[in-house]
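The numbering of the sequence shown is the working numbering, which starts it at 20 and goes up by one.
Where a beta carbon is used, it is the ideal one built from N, C-alpha and C, also for glycine.
Since this is a predicted model, take the numbers as computed values, not measurements.
First the structure, in the form of structure tokens, and then the observations on it.
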Amino acid sequence: MVELTVLYKSRMEQASAYKKSKYLDLTTQLGESGYRAKIVPIQIGAIGFVVLSSYDLLRKFSISGNKRTKSLKTSSQNSKKQFLLDLEQKK
Numbered sequence: 020m021v022e023l024t025v026l027y028k029s030r031m032e033q034a035s036a037y038k039k040s041k042y043l044d045l046t047t048q049l050g051e052s053g054y055r056a057k058i059v060p061i062q063i064g065a066i067g068f069v070v071l072s073s074y075d076l077l078r079k080f081s082i083s084g085n086k087r088t089k090s091l092k093t094s095s096q097n098s099k100k101q102f103l104l105d106l107e108q109k110k
């Protein structure tokens, strides 16, 4: 399971722990039913900071090299754009 969170503040570790605990019961149930499940919380900061877990996730899906770099750059740029739009709407 991949859970994406765009954070407006720098509390990425807390967000990751929250997302893991949120899906722990579901992951346990899936495991008991014979499925393999792993929780992978991905956080992107509102100003475009992409955490290492994003890089690792793309690697696990065999996305590497220029494709991985481009994907992370696009994610970063999109989060910045959304953050700026949100700030503009609050004015």
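Pair within 7 Å by beta-carbon distance, residue i and residue j
{"i": "residue 63", "j": "residue 98", "result": "yes"}
{"i": "residue 72", "j": "residue 61", "result": "yes"}
{"i": "residue 39", "j": "residue 58", "result": "yes"}
{"i": "residue 69", "j": "residue 94", "result": "yes"}
{"i": "residue 77", "j": "residue 87", "result": "yes"}
Check: residue i C-beta below 6 Å from any heavy atom of the ligand FAD
{"i": "residue 63", "result": "With respect to small molecules bound, the structure shown includes none, and the ligand FAD cannot be examined in it."}
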